[in-house]
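With our numbering as the guide, the letters of the sequence shown map in order to residues 113 to 1127.
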Amino acid sequence: MNLKRILLLLLFFSIVSLQAQQIISGTVTDESGQPLPGVNVIVQGTANGTVADFDGNYSINAAEGAVLEFSYLGFLAQNVQVGKATTINVVLQEDVSLLDEVVVIGYGTSSKKDLVSSVSSIKSDVLENQPVARVDQALQGRATGVEVTSNNGSPGTGSTIRIRGNSSINGNNDPLYVIDGFIAGTGFNLNTINVNDIASIEILKDATALSIYGTRGASGVILITTKNGKGMAPGKPVIAINHYQSIQETANRINILGGRDFIDYKNESYQFVPGPDGFGFTDTTLPLVLDPENTTTTDWLDLVEQPGSISNTDVSITGNSENANYFISGNYFNQKGLLRGSGLERVNFRTNLDVKVSDRFKTGIRTNITHYKIENNKVNYGNIVSSVLPIRPIYLEDGSFSFENPISAGLERNPEADIQHRVDHDLVTQIITNAYAEYELAKNLSFKSTFGAQLNYVKQNNYLPGILPERVNGGFGRINTNFSKSILNENTLNYNLDLNDHSLKILGGFTWQKDSNESTFSEADNFPNDVVSFNNLALGDSETAKVGSGYGQRTLTSFLGRVNYGYKSKYLLTLVGRYDGSSVFETGNKYAFFPSVGAAWNVDEEEFMADSNVINRFKIRGSYGIVGEQGVAAYNSIATYANTTTVFNGSSVNGVLVGQVPSSGLTWETTKQMDLGLELGFLNNRISFEADYYKKTTDDLLLSVALSGQVGANSTTQLQNLGSVENRGFEFGLNTINIQNDNFSWESNLSISSNKSEILELDDQEYISLQSTGNQGGNSARLIVGEALPTFVGAKYLGTYKTAEEITADGRAGRSFIGGPRYEDVNGDTNINDEDFQVLGSPVPDFYGGFRNTFKYKNLSLDVFFHGSYGAEIWNVRTQTAYYGRGEQNVDPIVLQRWIAGVNETSDIPRAGPSNSLFNVNSDLNIEDGSYLRLKTMTLNYDIPMESKGLGNVFSSMNVYVTGTNLFLWSDFTLGDPEVNAFTAGSGLGSVSQGFASGQYPYAKTITLGVKLEF
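Spelled out as structure tokens, the structure:
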């Protein structure tokens, strides 16, 4: 009887308990909104639990007041108390103390913990919401050791990337690009990759990371990995749409002297005559006065500039199943440039597919197809800044274009005429594909074969109409075509073994790559009209029409190997080697071996670190190795022939002559590199720190040596292995999680890098000239033994002459004047020329870097990124030609502070006066501080809750964002933007000649509004 009562009592309480239970359901996602399948959901203190499905959905019985525990590997556990609501959605945050980042390396991947190399990794979240056509425009300051410089702001124009400095003089200093495993070369066109297709970018910097690429690794390697469906929850595919619209304006407009000030300055110049104070000029060919009341003034920069715009749409489909995953995307990008007539329009299509055929065999393919059109700049912005005078009208009274210079009376181009009538555009089509097949031969042993191709077709259409002053006999048309092809086959064996405390990974392989290039051109002039322009070159003068073609190829074969050994995850050793053979060198020098060794010690795995509550990551690593650079064009090691013409019997006939003398004995440039690294993590990796010191020396630099005229060849120089250069520097990275709780987080990322270069040897040459800018000695940039690569040289500017006694004391009576420039006469011969030149600085910064802060409050996030550079000098080409202006040059507004008799006689800005070669001297008067700090990007993003207004029935996620780019600049540079400076040189050594600013196409300040949707 008592037992029955007890059973009835237990049944009663059970029924009451069940009546208090309710079904709680919801979705578990990560911070990016992606569902987390397999999350454990347990009612705290009970055995009642469940697991989230593939879409992150869960359902569980729980009473009001109960606590649900959500836990998932790699994420922070979260507890939620049950209230009256029956739907509880949870967002889990990553546990940074447990994460071991996986990075892509050459021919494989590695966990960050097992890596002995120096590798910078940039994930897709850094690239999101940035309105750029090329990914290099989004890399500035994001990775240590990587200096990114914009050459100009023209749509589609690339940046110059230097990884740990310049390693070559005559060779290529651009990094090698590897796209989804395909070796795409150093000149890969980044316009062909949609930024939003990129999953990660890894930048290889030290010898153990680079030597796997052998002869092409000396200047660093950039690995770009695009997205796939791997890691997604199997089932329904995700459709994503990202659309944004941007408006742009010139970020830092260049100032030139306005019409009235220009007239005043010129009139003062014309009235400068010889006097008791010193030397002067009287030029009777120029008017002695310009009438300020009856002279037209035109703002040419305002005329050619326009508000820019960008329209971008990305559509992608991503899916995953048990045996296959895929990523398919399409992109349309349209940019209207800041200068009228310039722009870029692009379409892009990508398919990434991986298929598991069986447990032992899998295959896949990556294919990207791009077509775009670039409207090139129809006007030369720098020429407008320097030479198109503000007193020149756009049109004459009869409505025709004005082509006459109002001072010299010479005929010049009219920017408005160029914009309206000139044709200059490029049509580019690229296909890059890489397929692979991988088979497991035995346990721990697999074989992988890849076959890839890159096809590029470029067509350039140019037409100068007969209306232009230089086309007095009719228009001129030209068509250039270029077809380049690269075929790559790679075959590798991988062996992976984990045995108790030991781990061993062995990679061995053979690769073969052939690059070829075909080019043609055709041109004609004296067109009878401009109706069809370049579309019918047969309308031109057949007697002067020209056609031409060219072909070149090179082949590279290689054997490669890598051994990774680890003991208890404490002690790591990596051995790498690559044996390269190149067709560009002669027999006997075609092959070279590039080895490296690296080691690391994970100190945090030691027993004495087990009880540390502060340091949870502590690694010391080091590496040493050799990488190479071919540094020579195809056929440079053999004799070639060139076309020539001669007169025979009164007629011109075609012939051939020796084009170049073979450069026998040429071999690879070799770079020996040492790297020491330290990695630390504190407080469960809320603070992480990484530092590197490196030193690399490049020997056997390929330099051009002058040949005797008696050789009888068309080329007057020959390449020889002669020089040596050294780069050394440090890199510092700091990541902190400053605040992190349920509603708010704040993270910071800081990167600082410094590189010092020094030329060790140039054979018997004192220096190599890079750039000629002045009349007295000319060369303003040089390569000098013992100095940085490159170095500015010139006379020291001492200010203006204030008295006749100063002129006499310098021995320059009759050759200088009061208010004129005064320079330091180093050798005391009273002449100012290149014998008085001194080292004035270098365009290479002392250090550069970036600082990012990310703030998140519930569904709102703010991303702020600063980029800066300190210590670089810039050569202001315009100031050199704008002083003492009697000629036809525009004038810098700095002349408003000039020396004026009786008005401003203490000024060190030279007076208005003669335009004479004696005073066009390379000097530090032309050098400015190129340091700057830029608010590069600021993005405000809002994730719209899907439960609001039933949006979850249509979309899986939705967010809107506003991004500002190049919002503010702090700099003392006077010629627009300090970052926009040229990597060019008349000597042909453009890869090392930098820092010359003459008014390049301006940078854009951009405001972007975008929306991202997922279904």
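Note that the Cβ used here is the ideal one computed from N, Cα and C, for glycine as well.
Here Val759 is exposed, its C-beta having fewer than 16 other C-beta atoms within 10 Å. Collapsing the DSSP output to three states places Lys908 in coil.
Glu380 carries a helical assignment under DSSP once its states are collapsed to helix, strand and coil. Here the alpha carbon of Asp248 sits roughly 43 Å from the alpha carbon of Thr408.
Residue environment for Gly940: exposed (fewer than 16 other C-beta atoms within 10 angstroms of its C-beta).
Inter-residue distance for Gln572 and Tyr1115 is about 25 Å (C-alpha atoms, whole angstroms). Short of 6 Å from the beta carbon of Thr463, and not among the five residues preceding or following it, lie these beta carbons of its own chain, in chain order: Ile440, Thr479. In the three-state reduction of the DSSP assignment, Ser498 falls in the helix class, which pools H, G and I. Put simply, of Pro147, Ser1035, Lys474 the residue whose alpha carbon is nearest the alpha carbon of Phe949 is Ser1035. Thr221 is classed as exposed because its beta carbon has fewer than 16 other beta carbons within 10 Å across all chains shown. Counting along the chain, the unbroken beta strand (DSSP E) around Ser981 starts and ends at 972-982. In the structure shown, the three-state DSSP call for Arg458 is strand.
Ranking Tyr677, Met721, Val726 by CA distance to the CA of Ala711 puts Tyr677 first. Residues Asn517, Ile519, Ser520 of the same chain have their beta carbon placed closer than 6 Å to that of Glu1000, with the five preceding and five following residues left out of the count. For the pair Gly693 and Tyr683, the CB atoms are not nearer than the 7 Å cut-off.
Scanning the segment 286-360 for uninterrupted alpha helix (DSSP H) segments of 4 residues or longer gives 319-322, listed from N- to C-terminal end. Contact between the segment 925-934 and the segment 1016-1025 is present: three or more C-beta pairs spanning the two stretches fall below 8 Å. In this structure the segment 828-836 does not touch the segment 854-866; the number of beta carbon pairs closer than 8 Å is below three. At a Cβ-Cβ threshold of 7 Å, Gly789 and Asp812 do not count as neighbours.
Between Gly268 and Asn303, the alpha-carbon positions lie close to 6 Å from each other. A direct Cα-Cα distance of roughly 21 Å separates Phe187 from Asp1055. Judged by DSSP secondary structure, Leu204 falls outside any alpha helix (DSSP H); it is assigned neither H nor E.
Inclusion of Leu862 and Phe720 in the CB contact set at 7 Å is not warranted, their separation being larger than that value.
Remark: C-beta atoms of Ser236 and Ala311 approach each other more closely than 7 Å. Taking the Cα positions, Thr593 is about 11 Å away from Gly660. Shown here for Thr141: same chain residues with a beta carbon closer than 7 Å to its own, the five before and five after excluded, namely Pro147, Leu148, Gly168, Val203 in chain order.
Residue pairing for Arg729: DSSP places it in a beta bridge opposite Gly793. Counting C-beta pairs with one atom in each stretch, the segment 313-325 and the segment 224-235 have three or more that are closer than 8 Å, which means they touch. For Tyr1113, the closest alpha carbon among the candidates Asn601, Tyr736, Ala916, Asn263 is that of Asn263.
The straight-line gap separating the alpha-carbon atoms of Phe856 and Thr848 is approximately 15 Å.
Between the segment 449-456 and the segment 480-497, the count of Cβ pairs shorter than 8 Å is three or higher; the stretches touch. Using a 10 angstroms sphere on the CB of Gln252, the tally of other CB atoms reaches 16 or more, which defines it as buried.
Using a 10 angstroms sphere on the CB of Thr699, the tally of other CB atoms stays under 16, which defines it as exposed. CA-to-CA, the gap between Glu791 and Leu685 works out to about 17 Å.
Classified as exposed, Pro419 has fewer than 16 neighbouring CB atoms from the shown chains inside 10 Å of its CB. Phe300 is positioned such that its CB atom lies no closer than 7 Å to that of Gly564.
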